[in-house]
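This is the structure:
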């Protein structure tokens, strides 16, 4: 995993917090100083928390589970959607639907409905509908795609959430908390980090800051996926080697058994034979006894 430096964070403006009058006192331990009425985030702590979060996410992905990206604010949605797609992770960048996690079974029904509409288009069912029915279905499909397209392949609850701006995405945070789903998030100076499992103190408004932090997280995901792939390949090689060894041992055992049988047959054929003189002596002795 490429290491992000203090200078990288500084260049991206990760250290710029909100106006001091908008701060949340619970963020005080992550604030370095105040400058011109703005809180400055301690980048040493940001760096430490970012590495901690990246390491944890890597292990989650390595185990084969999914991380849901959440960012509905204007300056973050496109960045997050693109990066989530790059690592094949689910994402929500439009409106967070209440119950998206806590009522996941209902959300899955809506996703299935979207899939059924696509199926209608392919099998010709859509073609026999009236213009009005087609228009209604098209509108519904667009709406479902907008709201749920990013989680269309999410068949079960995610293993974790990565969130941009916990204040804006407070419903997502609340639902994850209820279900004990770990949360990773960029937390600015105006937010409460208390209920975030892996808070990353950072400017969650600037695009450069969002891009940098998100790219570190996605790189950790890439690393986790690659390690998972290598582990599976190693496991497959071990299984293949074990199977080969078993076959080889079986063949060796068969060979030993065959050799033993051959020796036994050879020994039977080599039993000592009595010569002619011995036979005649035995016959004479028998006649004398008679």
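Residue numbers (our numbering): 683 to 972.
No residue lacks a Cβ here, since even glycine has one placed at the ideal position from N, Cα and C.
(request) Under 8 Å by Cβ, that's how I've got residue 752 and residue 903 pegged, so tell me the actual separation to the nearest angstrom. (result) Counting from one through the chain shown, the residue named residue 752 turns up at place 70. Counting from one through the chain shown, the residue named residue 903 turns up at place 221. Under the criterion of beta carbons closer than 8 Å, residue 752 and residue 903 do not qualify as touching, at roughly 15 Å.
(message) Taking the alpha carbon of residue 899 as the reference point, which residue from 857, 843 and 863 has its own alpha carbon closest?
(response) Within the chain shown, the letter at position 217 stands for residue 899. Checking every option, the nearest Cα to that of residue 899 belongs to 843.
(request) Return the residue from the list 906, 847 and 926 that minimises the CA-CA distance to residue 745. (result) Residue mapping note: residue 745 aligns to position 63 of the chain shown, counting from 1. Closest option to residue 745, Cα to Cα, is 906.
(request) Take residue 888 and list the residues in its own chain whose beta-carbon comes closer than 6 Å to its own, dropping the five residues that flank it on each side. (result) Counting from 1 along the chain shown, the entry for residue 888 is found at position 206. Here the set comprises 695.
(request) Would you give the residue range spanned by the beta strand (DSSP E) that residue 865 belongs to? (result) On the chain shown, residue 865 is found 183 positions in, with the first residue counted as 1. Residue 865 -> beta strand (DSSP E) spans 865-869.
(request) Indicate the three-state DSSP secondary structure (helix, strand or coil) for residue 766 in the structure shown. (result) Reading the chain shown from its first residue, position 84 is the one you call residue 766. Reduced to three states, the DSSP call for residue 766 is helix.
(message) Applying the 10 Å Cβ sphere with the 16-neighbour rule, what's the burial state of residue 685?
(response) Here residue 685 corresponds to residue number 3 of the chain shown, with the count starting at 1. Per the 10 Å Cβ criterion, exposed.
(message) Please return the same chain residues whose Cβ sits closer than 8 Å to the Cβ of residue 778, not counting the five positions on each side in sequence.
(response) Residue numbering aside, residue 778 sits at position 96 when the chain shown is read from its first letter. Closer than 8 Å at the Cβ level, and outside the excluded window around residue 778, lie 752, 754, 851, 853 and 854.
(request) To the nearest angstrom, report how far apart residue 808 and residue 817 are at their CA atoms. (result) Stepping through the chain shown from its first residue, residue 808 is reached at position 126. Stepping through the chain shown from its first residue, residue 817 is reached at position 135. Answer to the nearest angstrom: the Cα atoms are 11 Å apart.
(message) Please report the distance separating the alpha-carbon of residue 831 from that of residue 856.
(response) Numbered from its first residue, the chain shown carries residue 831 at position 149. Numbered from its first residue, the chain shown carries residue 856 at position 174. Computed Cα separation, rounded: 22 Å.
(message) Run through the DSSP bridge pairs and tell me what residue 883 is partnered with.
(response) Against the chain shown, residue 883 aligns to sequence position 201. Residue 883 pairs with 869.
(message) Among 780, 811 and 819, whose alpha-carbon lies nearest the alpha-carbon of residue 799?
(response) In the chain shown, residue 799 corresponds to position 117, counting from 1. The shortest C-alpha separation from residue 799 is found at 819.
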